[in-house]
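*Asks:* According to my numbering, the sequence shown is numbered sequentially starting from 2.
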Amino acid sequence: MMQGQIISLLELTEPFHLLPESVLAEISENLTKTEFFKDTLIYRQDVTEMTGVDIISSGEYETFFFDASENKRAVTKHHKPYCFGGISIILNRVKALKSAVAKKGTVIYTLPRKEFYELCNAYEDFFHYFTSDFGRKMLDEEFSHFVKTPATFEESYFAADQLYSRKIEGIAYKSIVSCEENTPVFEAAKMMSANKVSCVFIKKSGSDEIIGYATGITLRDNVIARCLDSKIAISEVMDNPIVSISSDAYLYEAVLMMFKTKSRYLLVKNREEYVGFLSRNRLLSEQAQSPLVFIQSVKQAENTEELRKKWNQVPDIINQLLGRGVHGEIASQVITTIADTITGKVIEKVIKEIGKPPAKFGFIVTGSEGRKEQTLSTDQDNGIIYEDKANEHREMVREYFLNFAQKVSNDLNTIGFEYCKGDFMASNPKWTHSLSHWKRNYAQWIEESVPENVMKFSTFFDFRFIYGDENIVRELKTFIKEKLVSPNQIFFAHIAKNALQYEPPLTFFKRIKTQTIGKSEVFDIKTAMSPTVDLIRVYALENHLEIENTGERMKKLTEIGIFTQQQYNEMHQSYYYLMALRLRNQANQINIDKKQPDNYVEISQLTKIERVTLIEIFKTIANFQLGIKVKFTGSF
């Protein structure tokens, strides 16, 4: 069969019909042809390892399950165009899920497993075709009777992605046991015992409003240890704040929220109604195979040296995640959560050493960590906002925070978060200031906008609170939002122009544009991702979104009608494919090349499918830039 005929076959075969033609052309060169001359049992369920997926060109596959008596069950016949084996590779530890016989005269083309994995990583719709197909088949009683689910999520290549895509509503959470605020402590304890729960929630008298909770630890620490009468009202010893999460949220979001809020219990909300609760132990048992459990061990580290060792383990964890098919968005958020946890531990250590701060403050992070998009090649981008004090205390307060910032920065550098080359960090006196000073900074950047300022300070519009008094940071965010309601139009003009200055690395002939470093031809993947980050920021600021993360910004902008669902799918898929490639490249630089990670990807290390996928992605980004150029000339 000629290459053109093979491409035509792929265009007719689901889900290959979802892929760009240039990718299909590349796939066609990786296919191997097999012809069967008699009825041959080519796959035996749960025995034969799939070397790839089979695309039927002519003839027939008969698929079925053997029962205990070797009878054929759930017999299905498949003709051209059909792809066999995707579900087996993705969800059955690469073992054939069903047995298959090829009828005489059948011709198939096999795409090797490695290339199939690459397509699943690059094209979400392609991957989810197989998971959706599996879900539909499992509704059939006979099919589901014969299917064995993997023993652990670790055993399937993409099972981790399924784990991360599980929602809270899909797991069993405990029913809420509650009492009113004036209930005596001993009655609350009896209630916990009778219902066999570790936590009782406390409601406001005569209301369904939950105002706190009590656990066995609460009663031990707040009642028994203090020798209090067990007849006192539970509201006097309860814990709070109450932390809740939507039943529509993902499991990994719940875990990250628990670490961030330091809460051991999450109330589960369905719309406005509380429907149950989750304990940290319950969530972690759901995630038993997950590297997110590693975050808990980071919290137990006792000194800078231990934290440094923990940070050195992160590349291995990210390699595990990416190797099991986890989405680049999640891998990046895991790195950020670990970095946030380490920074929090360092801040607490420094406060213990030099004494409590003389004023309320908020420690903020900017740049990629501010956007929750941390990579393994990371430097410090942070600042400190402290409350305004009377003149006589101003010098003393400033002296404390500058000393504090220097010590935090030094410790972070020792751990592996290098000093920022541009000096955008709290240890630089420019970025440790009072709230009123920070307000003046932003007012100047917005009202007296010049191109140089926009280029230099644009990532300061991605800042995020991670330690201290969040109200101070919230007040600054509110101030910025108000300034952007009726801004100097030149500000948006400059920030949009800045977003358009980077071009995707494509040559005129639609090949990847490279540069030579040493003996290698490379492209800068950070620069390739910059247009998306910068352009999404423009839209986010213009629409007054109080969200820092690029993916979350994309989602919200789609919800409010700025982007179509198709635009969102293309941008989201492109951006996080690049993120996964960037993280995998950095992890390999650390683990295999034993060198400092950077953002340069060697073209020679990429497969042909990866190269054509990148070209398609860069075309998508270029089209996105063209869209904002049109909007830019029309709106500003």
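Glycine is no exception: its CB is placed at the ideal position from the N, C-alpha and C atoms.
Near Met456, which residues of its chain fall below 7 Å by C-beta distance, leaving aside the five closest residues on each side in sequence?
*Replies:* For the purposes of this step, residue 456 is taken as residue 455 along the sequence shown, with counting starting at 1. Correct list, in chain order: Asn499.
*Asks:* Asn383 lies in the beta strand (DSSP E); which residues open and close that run?
*Replies:* Against the sequence shown, residue 383 aligns to sequence position 382. 383–387 is the extent of the beta strand (DSSP E) around Asn383.
*Asks:* Would you report the Cα separation of Tyr62 and Leu98, rounded to the nearest angstrom?
*Replies:* The residue you call residue 62 lines up with position 61 of the sequence shown. The residue you call residue 98 lines up with position 97 of the sequence shown. Taking the straight line joining both Cα atoms gives about 14 Å.
*Asks:* Regarding Val48 and the ligand ADP, is the C-beta to nearest heavy atom distance less than 7 Å?
*Replies:* This structure lacks the ligand ADP, and indeed carries no ligand of any kind.
*Asks:* So does the region 368–380 actually touch the region 457–464, counting three or more Cβ pairs closer than 8 Å?
*Replies:* Segments in contact, yes.
*Asks:* Taking the continuous alpha helix (DSSP H) assigned at Leu92, which residues delimit it?
*Replies:* Here the question's residue 92 lines up with position 91 in the sequence shown. From DSSP, the alpha helix (DSSP H) with Leu92 extends over 87–92.
*Asks:* Could you tell me the distance, in whole angstroms, from the CA atom of Val315 to the CA atom of Lys350?
*Replies:* One-based indexing of the sequence shown puts residue 315 at position 314. One-based indexing of the sequence shown puts residue 350 at position 349. Distance between the alpha carbons of Val315 and Lys350 is about 22 Å.
*Asks:* So which of Asn414, Gly217, Val299 has the shortest CA-CA distance to Tyr266?
*Replies:* Along the sequence shown, one-based indexing puts residue 266 at 265. Considering only alpha carbons, the answer is Gly217.
*Asks:* Looking at the structure shown, is Asn313 part of a helix, part of a strand, or coil, going by DSSP?
*Replies:* For the purposes of this step, residue 313 is taken as the residue at position 312 of the sequence shown. Asn313: helix per DSSP, three-state reduction.
*Asks:* Within the same chain, show all residues whose beta-carbon is closer than 6 Å to that of Ser428, passing over the 5 residues directly before and after it, in chain order.
*Replies:* Within the sequence shown, the letter at position 427 stands for residue 428. Hits under 6 Å: Ala406, Gln407, Ser410.
*Asks:* I want to see whether chain D comes within less than 8 Å of Thr342, judged by CB atoms only; does it?
*Replies:* Protein chain content of the structure displayed is limited to a single chain, and chain D is not contained in it.
*Asks:* Does the distance from the CB of Thr1 to the CB of Phe260 come in under 8 Å?
*Replies:* Since the first and last residues shown for the chain are 2 and 637, residue 1 lies out of range.
*Asks:* Sorted by chain position, which residues of the same chain lie with C-beta nearer than 8 Å to Lys422's C-beta, five sequence neighbours on each side aside?
*Replies:* For the purposes of this step, residue 422 is taken as the residue at position 421 of the sequence shown. Cβ neighbours of Lys422 beyond the five flanking positions: Asp380.
*Asks:* Does DSSP put His129 in a helix, in a strand, or in coil?
*Replies:* Start at 1 with the first residue of the sequence shown, and residue 129 comes out as number 128. Helix at His129.
*Asks:* If you count every other CB in all the chains shown that lies within 10 Å of the CB of Met139, and 16 or more means buried, which is it?
*Replies:* Sequence index remark: in the sequence shown, residue 139 carries index 138 (1-based). Answer is exposed; the Cβ neighbour count stays below 16.
*Asks:* Using only alpha-carbon positions, find the residue among Ile343, Ile319, Lys270 that is nearest to Ser298.
*Replies:* For the purposes of this step, residue 298 is identified with residue 297 of the sequence shown, where counting begins at 1. For the residues Ile343, Ile319, Lys270, the minimum Cα distance to Ser298 belongs to Ile343.
*Asks:* Entirely within the region 9–84 and at least 4 residues each: give me those alpha helix (DSSP H) ranges in chain order.
*Replies:* You should have 22–29.
*Asks:* Look up Cys228 in the DSSP assignment and say whether it is helix, strand or coil.
*Replies:* Here residue 228 refers to the residue found at position 227 when the sequence shown is read from its first residue. Note: Cys228 maps to coil in three-state DSSP.
*Asks:* Using DSSP with H/G/I as helix, E/B as strand and the rest coil, what is Leu279?
*Replies:* For this step, residue 279 is matched to residue 278 along the sequence shown. Strand.
*Asks:* Beta-carbon within less than 6 Å of Ile7's beta-carbon, same chain only, minus the 5 sequence neighbours each way: which residues are those?
*Replies:* The residue you call residue 7 lines up with position 6 of the sequence shown. Excluding residues within five positions, the ones whose Cβ falls inside 6 Å are Ser29.
*Asks:* Quick check on the burial criterion: 16 or more other C-beta atoms within 10 angstroms. Buried or exposed for Ser435?
*Replies:* Here residue 435 is taken as the residue at index 434 of the sequence shown, counted from 1. Buried is the call here.
*Asks:* Rounded to whole angstroms, what is the Cα-Cα separation between Phe147 and Ser100?
*Replies:* For the purposes of this step, residue 147 is taken as the residue at position 146 of the sequence shown. For the purposes of this step, residue 100 is taken as the residue at position 99 of the sequence shown. Their Cα atoms are separated by approximately 11 Å.
*Asks:* Can you tell me whether DSSP reads Ser521 as helix, strand or coil?
*Replies:* Counted from its first residue, the sequence shown places residue 521 at position 520. Looking at Ser521 - three-state DSSP - the assignment turns out to be strand.
*Asks:* What are the start and end residues of the alpha helix (DSSP H) that includes His394?
*Replies:* Start at 1 with the first residue of the sequence shown, and residue 394 comes out as number 393. Looking at the DSSP string, the run of the alpha helix (DSSP H) that includes His394 is 392–416.
*Asks:* Alpha carbon to alpha carbon, how far is Gly5 from Glu27? Give it in angstroms, no decimals.
*Replies:* Residue numbering aside, residue 27 sits at position 26 when the sequence shown is read from its first letter. Residue numbering aside, residue 5 sits at position 4 when the sequence shown is read from its first letter. Cα to Cα, Glu27 sits roughly 12 Å from Gly5.
*Asks:* Excluding sequence positions up to five away, which residues of its chain have a Cβ less than 6 Å from the Cβ of Ser605?
*Replies:* Here residue 605 corresponds to residue number 604 of the sequence shown, with the count starting at 1. None.
*Asks:* Quick check on Glu116: buried or exposed, where buried means 16 or more other Cβ atoms within 10 Å of its Cβ?
*Replies:* Indexing the sequence shown from 1 puts residue 116 at position 115. It is buried - the Cβ of Glu116 has at least 16 other Cβ atoms within 10 Å.
*Asks:* Within a Cβ cutoff of 8 Å, which residues of the same chain sit near Ile491, ignoring the five residues on either side of it in sequence?
*Replies:* On the sequence shown, position 490 is the one that residue 491 refers to. The answer, listed in chain order, is Ser450.
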